[in-house]
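Engineer: Each number in the numbering used here corresponds to the 1-based position in the sequence shown with 50 added.
Glycine residues also receive a C-beta, built at the ideal position from the N, C-alpha and C atoms.
Have a look at this one before I ask anything.
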Amino acid sequence: MKFKKNQFLNVVSFVLNSSKSLVFAVFFQKLIVGLIPAFMVISISKFIDTVLSVFNNKLDIKNVYPALFSIIVLLFFSLLSEKIIYFANIKITNKLRINLSSLIFKKYASLEYKHLEAPETTDLILRCTMAPETNLMTTFENICNFFSLVLTVLSVVVIVLSYVWWVGILLIVFCIPLFRIALKSGKANYQANVEVTNYNKKYLYLSEVLTGRNSVEERYLFGFEELLNSKWKDNFEKARKILFITEFKWFAKMKSGSLIMSVIALITTLTALPAVYDGKISIGIFIAMVSTVYALVNRMALEFTTLVDNITKGLYYTSDLQEFLNLSEDEGAMVKPSAKPLQLEKIEFKDVSFKYPNTDKYVLKNFSLTIENGKHYAIVGINGAGKTTMVKLLTGLYKEFEGQILINQKNISEYTPAELKSLCSIAYQDFSRYETTLNKNIAIGNINKMIAENAEEDFNKAVELLELNELIDTLPQKSDTHLGKIKKDGVDLSGGQWQKIAIARLFNNPGALKILDEPTAALDPITESKLYEKFEKVFKGKTTLFISHRLGSTKLANVIFVINDGKVQEKGNHEELMNLNGTYSLLYKSQRSWYD
Ligand code: ADP
Numbered sequence: 051m052k053f054k055k056n057q058f059l060n061v062v063s064f065v066l067n068s069s070k071s072l073v074f075a076v077f078f079q080k081l082i083v084g085l086i087p088a089f090m091v092i093s094i095s096k097f098i099d100t101v102l103s104v105f106n107n108k109l110d111i112k113n114v115y116p117a118l119f120s121i122i123v124l125l126f127f128s129l130l131s132e133k134i135i136y137f138a139n140i141k142i143t144n145k146l147r148i149n150l151s152s153l154i155f156k157k158y159a160s161l162e163y164k165h166l167e168a169p170e171t172t173d174l175i176l177r178c179t180m181a182p183e184t185n186l187m188t189t190f191e192n193i194c195n196f197f198s199l200v201l202t203v204l205s206v207v208v209i210v211l212s213y214v215w216w217v218g219i220l221l222i223v224f225c226i227p228l229f230r231i232a233l234k235s236g237k238a239n240y241q242a243n244v245e246v247t248n249y250n251k252k253y254l255y256l257s258e259v260l261t262g263r264n265s266v267e268e269r270y271l272f273g274f275e276e277l278l279n280s281k282w283k284d285n286f287e288k289a290r291k292i293l294f295i296t297e298f299k300w301f302a303k304m305k306s307g308s309l310i311m312s313v314i315a316l317i318t319t320l321t322a323l324p325a326v327y328d329g330k331i332s333i334g335i336f337i338a339m340v341s342t343v344y345a346l347v348n349r350m351a352l353e354f355t356t357l358v359d360n361i362t363k364g365l366y367y368t369s370d371l372q373e374f375l376n377l378s379e380d381e382g383a384m385v386k387p388s389a390k391p392l393q394l395e396k397i398e399f400k401d402v403s404f405k406y407p408n409t410d411k412y413v414l415k416n417f418s419l420t421i422e423n424g425k426h427y428a429i430v431g432i433n434g435a436g437k438t439t440m441v442k443l444l445t446g447l448y449k450e451f452e453g454q455i456l457i458n459q460k461n462i463s464e465y466t467p468a469e470l471k472s473l474c475s476i477a478y479q480d481f482s483r484y485e486t487t488l489n490k491n492i493a494i495g496n497i498n499k500m501i502a503e504n505a506e507e508d509f510n511k512a513v514e515l516l517e518l519n520e521l522i523d524t525l526p527q528k529s530d531t532h533l534g535k536i537k538k539d540g541v542d543l544s545g546g547q548w549q550k551i552a553i554a555r556l557f558n559n560p561g562a563l564k565i566l567d568e569p570t571a572a573l574d575p576i577t578e579s580k581l582y583e584k585f586e587k588v589f590k591g592k593t594t595l596f597i598s599h600r601l602g603s604t605k606l607a608n609v610i611f612v613i614n615d616g617k618v619q620e621k622g623n624h625e626e627l628m629n630l631n632g633t634y635s636l637l638y639k640s641q642r643s644w645y646d
């Protein structure tokens, strides 16, 4: 969707895109309802005047019926149409949900990777993705209600002007300060909302830890429930207080303003009393006018200010949504890996220096290394040394760096995203646990075959190599068993079993360079070391890159790179590095006890 400069038009066009006919129906219903008070003034004044004439025996009772009938029709219309429109609103909201969710999911998936890691944009994303359909629909409804109220005011003012002109003019004058306060209040409330995003993020995270499945065992064992609960309350209270204080301050301003206005409005209308004595206006008109003007000023105090306030908040939300939808995209983010994977001869990092966007510290500085086809490599270094960052650059997640990355002697930027994605097959440290069947958990590693429903053979191979048969035999629906707890009959696996599945997924992926980025970090050093040994065997003849901070796991590699201070500090096989008596040998000796 193309954004216009005016956020108001953006809300309308978003909502119109979901269902034109229903949206027009809602809009016209609001406009008609907006005219009802003016018709009411006419009907009620007619009714009172004819009733008075009937009492004075000037007219027959039959003359009351038309006015009475019109009052009933007006009341009936506003009640019934309100109910019908309620269902139209639900339908529009549902359609909006579908349209917006797919738009937001797509945008989220296409975003440049840096936005997903930067705190400013993650806050923006959080604000935009929380119930966008309700935000937009409520804003649209508020806009309709605003027009409806403006129409009410205008039509009543026209009628009042035609009876007692100065009362009409004063009514217009009263609206202006209320409108200004409401606008300011909307802005202040929005800013308060931005301020609380950070607290919201914290308490949403804490409630996930307090109620989520992932932390259930630790929650039980460590008994941190009370501590986190009080932290949750703390953050929730801070957010609530900021919002409450802002809302209260502006609410008080609006309320006191509107109270003064209603008193003035009442006094002004009473100045029309002499005109009744003079017979210039009828008693019916006077009563209908006074009660309507009073009700209208009250309504303005209650509704007008809240409406403008909410619309302002809603328009700020749309501007956030616009900012989110305008965030730069990575053209390759949604692309599938090429079905014909890129073959690997050589990868070279030449004097690569890199710092994360909006940071000053170089994570990699003059970083150089070479990876050749068919060999097994290991990258070791303490946590935070830059090992994962190197993989992020190699997979094209960050494109802005100094120096060169060459793949088969060609610059990385010359490859299409599909080609780049087809090069590496990775098991990440924070690998995903897909809550679907076991076979889909593995098949998803090769999306091209999965789509072509042609994954059977590779799947079986991966299962065999990772020795997953034993596990599959114990599952109620074998490899068709749902994993995780979303489904009633789903089976949850142990951490180690999930890890094996993540590695089977990597195996199933045809990428020439197999990367294990510490997916085993949660395992004990000996188990990890055994798994890496097995990995060595499984991928004999292939190019592998093991990343770990535990040296026992990586000593079988043909070449080990020791990363320190953003550079390759040492390079060689285990023996060579031990003989060097440098960082590697020191680290290895300090970790030796883990493996004894
Ligand atoms: P390793 O994999 O060796 O443990 P990483 O490559 O994950 O280390 O991180 C290297 C350094 O970069 C760390 O100091 C880490 O805090 C920092 N870092 C990682 N990701 C980001 C990011 N998105 N923004 C800023 N700094 C980051």
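Using CA coordinates, which residue listed in Asn489, Ile335, Lys80, Lys460 is at the minimum distance from leucine 392?
Structural biologist: Residue 392 sits at position 342 when you count from the first residue of the sequence shown. Nearest C-alpha to leucine 392: Lys460.
Engineer: Looking at the structure shown, is isoleucine 610 part of a helix, part of a strand, or coil, going by DSSP?
Structural biologist: Start at 1 with the first residue of the sequence shown, and residue 610 comes out as number 560. Looking at isoleucine 610 - three-state DSSP - the assignment turns out to be strand.
Engineer: Any idea which residues DSSP pairs serine 403 with across the strands?
Structural biologist: Working through the sequence shown from its first residue, we reach residue 403 at position 353. Answer is Glu452.
Engineer: DSSP three-state label for aspartate 99, please.
Structural biologist: Mapped onto the sequence shown, residue 99 falls at position 49. Of the three classes helix, strand and coil, the one that applies to aspartate 99 here is helix, per DSSP.
Engineer: Would you list the one or two residues that DSSP bridges to aspartate 567?
Structural biologist: One-based indexing of the sequence shown puts residue 567 at position 517. Paired residue(s): Ile597.
Engineer: In this structure, does DSSP put phenylalanine 89 in helix, strand or coil?
Structural biologist: Position 39 of the sequence shown, counted from the start, is the residue given in the question as residue 89. Residue state for phenylalanine 89 is assigned as helix, using DSSP reduced to three classes.
Engineer: Please report the Cβ distance between isoleucine 613 and lysine 437, rounded to the nearest whole angstrom; I am assuming they are in contact, meaning their Cβ atoms lie under 8 Å.
Structural biologist: Counting from one through the sequence shown, the residue named residue 613 turns up at place 563. Counting from one through the sequence shown, the residue named residue 437 turns up at place 387. Contact holds; Cβ gap of about 6 Å.
Engineer: Does serine 418 come within less than 8 Å of chain D when only Cβ atoms are used?
Structural biologist: The structure shown contains no chain D; it holds only a single protein chain.
Engineer: What do you get for tryptophan 300, buried or exposed, if any count of 16 or more other CB atoms within 10 angstroms of its CB means buried?
Structural biologist: Working through the sequence shown from its first residue, we reach residue 300 at position 250. Tryptophan 300 should be labelled buried.
Engineer: Span of the alpha helix (DSSP H) holding valine 340?
Structural biologist: By one-based count along the sequence shown, residue 340 stands at place 290. Note, valine 340: alpha helix (DSSP H), 333-349.
Engineer: Just mark arginine 230 as buried or exposed, buried being the case when its beta carbon has 16 or more other beta carbons within 10 Å.
Structural biologist: Position 180 of the sequence shown, counted from the start, is the residue given in the question as residue 230. That one is exposed.
Engineer: Out of curiosity, what's the CA-to-CA distance linking asparagine 285 and leucine 630?
Structural biologist: For the purposes of this step, residue 285 is taken as residue 235 along the sequence shown, with counting starting at 1. For the purposes of this step, residue 630 is taken as residue 580 along the sequence shown, with counting starting at 1. So the two alpha carbons sit approximately 52 Å from each other.
Engineer: Please determine, among Met90, Tyr367, Lys580, the residue with the shortest C-alpha to C-alpha distance to leucine 186.
Structural biologist: Here residue 186 corresponds to residue number 136 of the sequence shown, with the count starting at 1. It is Tyr367.
Engineer: From glutamate 568 to leucine 473, what distance separates their C-alpha atoms?
Structural biologist: The residue given as residue 568 occupies position 518 in the sequence shown. The residue given as residue 473 occupies position 423 in the sequence shown. In this model, glutamate 568 and leucine 473 are separated by some 19 Å (Cα to Cα).
Engineer: For tyrosine 465, count neighbouring C-beta atoms within 10 Å of its own C-beta (all shown protein chains included) and say buried if the count is 16 or more, exposed if not.
Structural biologist: Taking the sequence shown and counting its residues from 1, the one referred to as residue 465 is at position 415. With 16 or more Cβ atoms within 10 Å of its Cβ, tyrosine 465 is classed as buried.
Engineer: Is the number of C-beta pairs between the stretch 548-558 and the stretch 487-498 that are closer than 8 Å three or more?
Structural biologist: yes
Engineer: Can you say whether lysine 617 is buried or exposed, counting buried as having 16 or more other CB atoms within 10 angstroms of its CB?
Structural biologist: Taking the sequence shown and counting its residues from 1, one reaches residue 617 at position 567. Label assigned to lysine 617: buried.
Engineer: Quick check: aspartate 410 and serine 235, are their CB atoms within less than 8 Å of each other?
Structural biologist: Locating residue 410 in the sequence shown gives position 360, where the first residue counts as 1. Locating residue 235 in the sequence shown gives position 185, where the first residue counts as 1. Not closer than 8 Å, so no.
Engineer: Determine the DSSP secondary structure at glutamate 381, reduced to helix, strand or coil.
Structural biologist: Counted from its first residue, the sequence shown places residue 381 at position 331. Three-state result, glutamate 381: coil.
Engineer: Relative to the C-alpha of lysine 580, which residue among Thr604, Pro407, Gly84 is closest?
Structural biologist: Here residue 580 refers to the residue found at position 530 when the sequence shown is read from its first residue. Per the Cα distances, Thr604.
Engineer: So which of Gly540, Ser482, Thr439 has the shortest CA-CA distance to tyrosine 163?
Structural biologist: Position 113 of the sequence shown holds residue 163. Of the listed residues, the one whose Cα sits closest to tyrosine 163 is Thr439.
Engineer: Quick check: is any heavy atom of the ligand ADP less than 7 Å from the C-beta of tyrosine 478?
Structural biologist: Counting from 1 along the sequence shown, the entry for residue 478 is found at position 428. Because no heavy atom of the ligand ADP lies under 7 Å away, the Cβ of tyrosine 478 does not count as near it: no.
Engineer: Phenylalanine 417 and valine 402 - do their beta-carbons sit closer together than 8 Å?
Structural biologist: For the purposes of this step, residue 402 is identified with residue 352 of the sequence shown, where counting begins at 1. For the purposes of this step, residue 417 is identified with residue 367 of the sequence shown, where counting begins at 1. In this structure, phenylalanine 417 lies closer than 8 Å to valine 402 by Cβ.
Engineer: Can you give me the Cβ contacts of isoleucine 209 inside the same chain, cut-off strictly under 6 Å, excluding the 5 residues immediately before and after it?
Structural biologist: Stepping through the sequence shown from its first residue, residue 209 is reached at position 159. Closer than 6 Å at Cβ, skipping near neighbours: Ala88, Val91.
Engineer: So does threonine 171 have its beta carbon nearer than 7 Å to some heavy atom of the ligand ADP?
Structural biologist: In the sequence shown, the residue the question calls residue 171 occupies position 121. Result no, Cβ not under 7 Å from the ligand ADP.
Engineer: With the cut-off set at 8 Å, would you say phenylalanine 336 and alanine 322 are in Cβ contact?
Structural biologist: Looking up residue 336 in the sequence shown gives position 286. Looking up residue 322 in the sequence shown gives position 272. Contact flag set, yes.
Engineer: Please confirm whether any heavy atom of the ligand ADP lies closer than 7 Å to the CB of glycine 431.
Structural biologist: Working through the sequence shown from its first residue, we reach residue 431 at position 381. Yes, the ligand ADP has a heavy atom inside 7 Å of this Cβ.
Engineer: In the DSSP assignment, find the unbroken beta strand (DSSP E) run with isoleucine 121 in it and report its ends.
Structural biologist: Numbered from 1 along the sequence shown, position 71 holds the residue referred to as residue 121. Careful: isoleucine 121 lies outside any beta strand (DSSP E), inside the alpha helix (DSSP H) at 115-160.
Engineer: Following the continuous alpha helix (DSSP H) through lysine 392, name the residue where it begins and the one where it ends.
Structural biologist: Counted from its first residue, the sequence shown places residue 392 at position 342. Correcting the residue type first, residue 392 is leucine in the shown sequence and not lysine. First-last for leucine 392: undefined, no H or E at that position.
Engineer: Would you mind listing the alpha helix (DSSP H) stretches within the stretch 450-487 that are 4+ residues and don't spill past its ends, in chain order?
Structural biologist: 467-471
Engineer: Within 10 angstroms of its Cβ, does tryptophan 548 collect 16 or more other Cβ (buried), or is it exposed?
Structural biologist: To locate residue 548, count along the sequence shown from 1; it is residue 498. Classification of tryptophan 548: buried, given that the 10 Å Cβ count is 16 or more.
Engineer: In angstroms with no decimal places, state the Cα-to-Cα distance between alanine 428 and phenylalanine 190.
Structural biologist: The residue given as residue 428 occupies position 378 in the sequence shown. The residue given as residue 190 occupies position 140 in the sequence shown. Answer to the nearest angstrom: the Cα atoms are 57 Å apart.
Engineer: Cutting at 7 Å between CB atoms, please list the residues of its own chain near glutamine 641, excluding the five before and the five after it.
Structural biologist: Along the sequence shown, read from residue 1 onward, the residue named residue 641 stands at position 591. Excluding positions up to five away in sequence, the list reads Arg600, Leu601, Gly602.
Engineer: Is glutamate 625 a contact residue of the ligand ADP, with contact defined as CB to any heavy atom under 7 Å?
Structural biologist: Numbered from 1 along the sequence shown, position 575 holds the residue referred to as residue 625. Answer for glutamate 625: no, Cβ out of range of the ligand ADP.
Engineer: With burial defined as no fewer than 16 other Cβ atoms inside 10 Å of the residue's Cβ, what is the status of serine 212: buried or exposed?
Structural biologist: For the purposes of this step, residue 212 is taken as residue 162 along the sequence shown, with counting starting at 1. The residue in question, serine 212, is exposed, as its Cβ has fewer than 16 Cβ neighbours within 10 Å.
Engineer: Kindly indicate which residue of Ala383, Ser120, Glu275, Ile134 has the alpha-carbon position closest to the one of lysine 156.
Structural biologist: Here residue 156 refers to the residue found at position 106 when the sequence shown is read from its first residue. Per the Cα distances, Ala383.
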